[in-house]
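J.: Residue numbers (the working numbering): 375 to 954.
Backbone N, C-alpha and C define an ideal beta-carbon position, used for all residues, glycine too.
A quick note: this is a predicted structure, and the numbers were derived from the prediction, not measured.
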């Protein structure tokens with residue numbers, strides 16, 4: 375039969391094949407429009423599976439996408455499988471160029487066996503200009519028939535259309551992820567700005583620590599947080615939230631310069647045992663001066679890079695505020711000390727005689743040169759009667775206002791009783807008074823004597839003070855040693871007295887340890903011998919020039935090094951004859 379004969383059985387007529395192609399093209403157009411209807415990657419993948427499986431009546435399928443950073447493929451969408459399979463990662467080390475039946479791929483690689491295990495029969499690569507970005511795996515048809523060549527071509531066309539849509543969806547998702555990270559970053563920056571404004575408005579370290587911990591706990595959704603500071607070579611817990619047990623941590627965190635995930639190291643086991651998950655150093659001027667310990671997130675999520683950056687920035691800002699608070703407290707303490715020193719200097723100055731009384735037949739001079747710190751040096755010349763004069767010199771242990779106030783108490787006591795009792799009784803009464811009203815670590819070295827100008831006799835008692843020198847005109851020297859222990863050490867002490875007669879030209883030199891303990895650059899003390907020699911060499915001088923020569927000699931010896939202690943001198947010289 376010529377012309378339009380009947381087609382051979384099992385073969386489609388040309389017109390039938392054309393109709394089928396038109397249907398497929400129309401389907402591909404609808405598929406393309408359906409896939410491009412959404413920019414949501416999850417919806418795109420779901421549509422890819424639904425359309426592919428629906429047109430071919432396929433029982434199961436899944437879509438894997440490639441991680442652009444790691445290179446592994448992970449299951450992102452599936453139908454006909456357990457949901458537990460979603461997220462499964464595979465390393466696919468072969469490039470699949472076209473839609474390929476699994477039977478044509480050699481056995482061996484783990485990823486091939488994975489698809490065989492889950493009865494995947496057809497692999498459709500999702501190829502973009504960056505290479506294979508994903509893979510569609512389809513199971514067998516519900517009717518059990520094999521895939522025809524035209525069906526594979528049709529599915530390949532779907533995969534080609536889907537590849538572009540999936541690539542766009544991945545790009546949109548990445549853009550959205552970037553936007554979310556930017557929003558998160560902006561939120562954290564706003565938090566840092568707000569917290570910085572709050573912590574910079576206070577100089578209370580405790581409040582700064584509380585603001586810091588509450589900000590961290592609220593921003594990252596953690597239920598425990600602690601702040602540790604390294605101060606004065608020791609670690610101090612500033613604040614701790616969410617932990618009801620003692621936390622022990624050494625100063626080894628000072629060596630940390632970057633955030634540390636605690637489960638990745640064995641260096642900070644006490645923190646890990648207390649339930650903390652992260653340690654963030656708090657640095658200033660390239661030094662770790664504190665640390666922020668943070669518990670795990672309540673949501674169970676791991677800490678991201680943005681979280682670590684947030685904590686690092688916030689920790690550094692808080693450390694700056696804490697350092698400012700510390701410096702402010704130091705400034706206040708310095709001001710307080712300066713005020714105390716000013717008060718002590720005024721007290722000390724008021725204790726010393728404004729002028730030395732004139733004593734007939736004697737030349738008496740005195741000098742006090744305070745060091746930069748206020749000490750407890752004291753001297754006095756007290757008129758007891760027309761022929762008796764009390765002469766005192768002392769040194770309170772310690773510095774500052776406390777020493778000055780103790781010396782004021784000594785002066786008041788001495789002046790109150792000096793005209794009523796003899797030297798021994800005066801020393802014993804003052805000793806009991808000082809012991810009763812001061813702590814065990816407070817005491818006074820003290821020397822007190824009474825000059826009687828009628829017999830030219832000097833009666834004295836020495837309470838642990840530097841031995842005054844009695845120097846005769848011929849250079850012979852005698853130390854005034856009689857007495858007892860320092861004042862205030864023990865109650866009811868008995869003090870011995872000594873007595874020396876003074877002839878014309880005799881002189882007594884009283885001094886404090888600021889003179890003899892002055893040191894030179896080789897750390898050698900000026901000493902008593904140098905003081906004696908200096909006084910003997912200048913025997914012809916009157917009292918005032920002699921004191922000046924002693925001070926000059928001490929300064930020359932110490933090469934103008936900083937004066938460590940007060941220098942106090944009293945020189946008494948009997949004149950050759952009484953003034954007419």
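(1) On a CA-only basis, which of 478, 661, 805, 571 is nearest residue 864? Give me that one, please.
(2) When DSSP labels each residue in this structure, what does residue 506 get in the three-state scheme?
(3) Given a cut-off of 8 Å on the beta-carbon distance, is the pair residue 510 and residue 498 in contact?
(4) Got a sec, what are the start and stop residues for the beta strand (DSSP E) residue 610 sits in?
(5) Are residue 696 and residue 603 closer than 8 Å when you measure CB to CB?
(6) Just to confirm, are residue 454 and residue 514 a CB contact at a threshold of 8 Å?
(7) Count the CB pairs spanning the region 705-723 and the region 732-751 that are closer than 8 Å, and state whether there are at least three.
(8) So the candidates are 947, 540, 436; which of them puts its Cα closest to the Cα of residue 492?
(9) Find the nearest neighbour of residue 851 within the set 769, 678, 902, 860, judged by alpha-carbon distance.
(10) Tell me which residue opens and which closes the alpha helix (DSSP H) that residue 808 is part of.
(11) Please determine if the region 882-895 and the region 935-946 are in contact, where contact requires at least 3 C-beta pairs separated by less than 8 Å.
(12) Do the region 861-877 and the region 829-838 meet, that is, are 3 or more Cβ pairs less than 8 Å apart?
(13) Quick one: grab the DSSP three-state call for residue 833.
(14) With DSSP run on the structure shown, which of helix, strand or coil describes residue 932?
(15) Reducing DSSP to helix, strand and coil, say where residue 769 ends up.
(16) Count the other CB atoms, across all protein chains shown, that sit within 10 Å of the CB of residue 948; report buried if there are 16 or more and exposed otherwise.
(17) So residue 918 and residue 732 are supposed to be a Cβ contact under 8 Å. How far apart are they, rounded?
(18) Rounded to a whole number of angstroms, what is the C-alpha to C-alpha distance between residue 547 and residue 612?
(19) Between which two residues does the alpha helix (DSSP H) carrying residue 881 extend?
(20) So, is the C-beta of residue 829 closer than 8 Å to a C-beta in chain B?
(21) In whole angstroms, give me the CA-to-CA distance for residue 857 and residue 869.
(22) Excluding sequence positions up to five away, which residues of its chain have a Cβ less than 6 Å from the Cβ of residue 699?
(23) Would you say residue 665 and residue 653 are within 8 Å of each other, going by their C-beta atoms?
(24) Measuring only the C-alpha atoms, how far is residue 769 from residue 819?
(25) Near residue 648, which residues of its chain fall below 6 Å by C-beta distance, leaving aside the five closest residues on each side in sequence?
(26) Can you grab the Cα-Cα spacing for the pair residue 772 / residue 570, in whole Å?
(27) Give a yes or no on whether the C-beta atoms belonging to residue 662 and residue 687 are separated by under 8 Å.
(28) Using only CA atoms, which one of 438, 442, 456, 458 lies nearest to residue 450?
(29) Would a C-beta distance cut-off of 8 Å place residue 794 and residue 867 closer than the cut-off?
(30) Per DSSP, which one or two residues make a beta bridge with residue 511?
(31) For residue 544, count neighbouring Cβ atoms within 10 angstroms of its own Cβ and tell me buried if that reaches 16, exposed if not.
(32) Buried or exposed: which applies to residue 808, given that a residue is buried once 16 or more other Cβ atoms fall within 10 Å of its Cβ?
(33) Where does the unbroken alpha helix (DSSP H) through residue 521 begin, and where does it stop?
(34) Can you grab the Cα-Cα spacing for the pair residue 641 / residue 464, in whole Å?
(35) Three-state secondary structure (DSSP) at residue 909?
(36) So, at 6 Å on beta carbons, what are the nonlocal neighbours of residue 895 in its own chain, with the 5 sequence-adjacent residues on each side left out?
T.: Reading from the atomic positions:
(1) 805
(2) strand
(3) yes
(4) 608-615
(5) yes
(6) no
(7) yes
(8) 436
(9) 902
(10) 797-811
(11) yes
(12) yes
(13) strand
(14) coil
(15) strand
(16) buried
(17) Actually they are not in contact, since the Cβ atoms of residue 918 and residue 732 sit about 13 Å apart, beyond 8 Å.
(18) 43 Å
(19) Taken as a continuous stretch (DSSP letters only), residue 881 belongs to no alpha helix (DSSP H), being part of the beta strand (DSSP E) at 881-885.
(20) The structure shown contains no chain B; it holds only a single protein chain.
(21) 5 Å
(22) 577, 579
(23) yes
(24) 5 Å
(25) 617, 621
(26) 43 Å
(27) no
(28) 438
(29) no
(30) 436, 497
(31) buried
(32) buried
(33) It is not in any alpha helix (DSSP H) - residue 521 carries neither H nor E in the DSSP assignment.
(34) 35 Å
(35) helix
(36) 933
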